[in-house]
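Taking it in order: structure first as structure tokens, then the write-up.
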Amino acid sequence: MSLHPAQILLRPVVSEKSYHQITENRYTFRVHPDAHKTQVRQAVEELFDVKVVGVNIVKMPPRDVPMTTQGSRPSAVRNVRNLFARSASTLDRRTSP
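Next up, the structure:
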């Protein structure tokens, strides 16, 4: 499956942990669920003109949340989050922005 680099990197992950990892030259992105490490590495290198040392990918499964009606017992289960992947890319210190 060939994807354009802009289709692989969906958006950056904004959290306290990801901001702390920037000091360690690690940048976290939400990536396409079918993308693999090589595609993520090539996309980051092409889009940001840096050298990537390592890539870690975590697949996040869908999460089911119980829906309640009037009582405290759940009447149904609804999927609130689709499958997605998160990638942490470590950059070479000499080429990092």
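The numbering of the sequence shown is our numbering, which starts it at 12 and goes up by one. In this text, a Cβ means the ideal position worked out from N, Cα and C, and glycines have one as well.
Alpha carbon of residue i to alpha carbon of residue j, nearest angstrom
i      : j     : result
ALA96  : HIS47 : 10 angstroms
LEU102 : ARG74 : 31 angstroms
PRO16  : VAL51 : 8 angstroms
Collapsed DSSP secondary structure at residue i in the structure displayed
i      : result
ARG22  : strand
VAL61  : coil
THR49  : helix
SER100 : strand
From the options, residue whose alpha carbon lies closest to that of residue i
i      : options                       : result
SER100 : PRO23, GLU27, ILE33 and TYR38 : TYR38
VAL64  : HIS15, ARG104 and PRO44       : ARG104
MET71  : ASP60, PHE40, HIS31 and ASN36 : PHE40
* To do: Would you check if the segment 12–31 and the segment 55–64 touch, i.e. whether three or more CB-CB distances between them fall below 8 angstroms?
  => Yes, since at least three Cβ pairs between the segment 55–64 and the segment 12–31 fall closer than 8 angstroms, the two stretches touch.
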